[in-house]
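Some notes on the structure that comes next.
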Amino acid sequence: MNNLALRRTLGKKSISGKYQTAVAYNGYIYRSIDYGVTWSPVGNSSYWSCVSMSSDGKYQTAVVFGGIIYRSTDYGVTWSPVGNNNDWLGVSMSSDGKYQTAVADVIYRSIDYGVTWSPVGNSYRWRGVSMSSDGKYQTAVVYNGYIHRSIDYGVTWSPVGNSNYWYGIAMSSDGKYQTAVVSDGYIHRSIDYGVTWSQVGNSNYWHGVSMSSDGKYQTAIANIIYRSIDYGVTWSQVGNSNYWHGVSMSSDGKYQTAVVYNGYIHRSIDYGVTWSPVGNNNNWYPVAINK
């Protein structure tokens, strides 16, 4: 590589973290295309409960509690209704957007970029779901129930761990590192693709968790933001006290966005060390960032 090409490569900014989408409960979908600096409303007002996107940000899926699933194939600019009416609470997708899983009273999966959806698994109070980059490894959590894992792209599911009030789940791109959080309980981590789980951190009313692609950087939210830089082993408090309700980060963990219910969007550009408010006051629910 010549010197000019090298300078161009070094000066090129990664697009990981560029596209971000946040949803408001009884409000609109908001999108950012500048790493979370500015936000614009899109779509219609609804009781949005979760959102997910592909690694490039092109494919996005948002779900409505007491409503239907919506999908976007243009980086979140326009949205089309798909699927059936349900109390949707979580959604996740593979890196390319082909494999998608949404949870309500039953798990639903899509293998065509969110166009069509089929029910799988048993009926529980499913609360959240996450999957590996290729979609093979998937983990879903039950509120007042068990963690369930799938190793066949979401076709079949098996319970693991102990029963708890599970509230959120995140995993590394290969599925090896996984972290689940309990509402009024502890953080739990797995380093074997979700087979076994160990309790870490302190007890809190955890609302969500996110991690970098390699699993090294992790951020969990309760009334305070906590961060880990050692694959979820130890956790340190950062930020101010608030009703944090969702968090997501870029592939490398540098860009992070956390949202407050009845508050503001906050962004970090230093791996979750410091946080700054952006956007408008709203009933923010989860947020998604392209990897």
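Reading the sequence shown from the start, the letters are residues 859 to 1149 in this note's numbering.
Think of the CB as a built atom: it goes at the ideal place given N, C-alpha and C, for glycine as much as any other residue.
query: Counting pairs of beta carbons, one from the stretch 1116-1132 and one from the stretch 1069-1083, are three or more of them closer than 8 Å?; result: yes
query: Which word fits T812, buried or exposed, when buried means at least 16 other C-beta atoms lie within 10 angstroms of its C-beta?; result: Summary: the structure shown does not reach residue 812, with the chain confined to residues 859 through 1149, and so no result is reported for it.
query: If distances are taken between C-alpha atoms only, which option among P1017, W1055, Y888 and I927 comes closest to S899?; result: In the sequence on display, residue 899 carries Pro and not Ser. Ranking the options by Cα distance to P899, first place goes to Y888.
query: Taking the alpha carbon of W946 as the reference point, which residue from S952, Y957, I965 and K956 has its own alpha carbon closest?; result: I965
query: Does DSSP put T919 in a helix, in a strand, or in coil?; result: strand
query: Roughly how many angstroms lie between the CA atoms of G1019 and P1135, to the nearest whole one?; result: 37 Å
query: Would the stretch 1000-1014 count as touching the stretch 932-939 if we require 3 or more Cβ pairs under 8 Å?; result: no
query: Excluding the 5 residues preceding and the 5 following N884 in the sequence, name in chain order all residues of the same chain whose CB lies nearer than 8 Å to its CB.; result: S903, S904, Y905 and N1141
query: Can you give the Cα-Cα distance for S1056 and S907, rounded to whole angstroms?; result: 28 Å
query: For the stretch 987-1062, list the alpha helix (DSSP H) runs that are entirely contained and at least 4 residues long, ordered along the chain.; result: none
query: Which same chain residues, not among the five before or five after I926, have their C-beta less than 6 Å away from its C-beta?; result: P939, G941 and N943
query: Just to confirm, are S952 and D992 a CB contact at a threshold of 8 Å?; result: yes
query: With distance defined between alpha-carbon atoms, name the residue in S874, A920, T896 and A998 nearest to V1145.; result: A920
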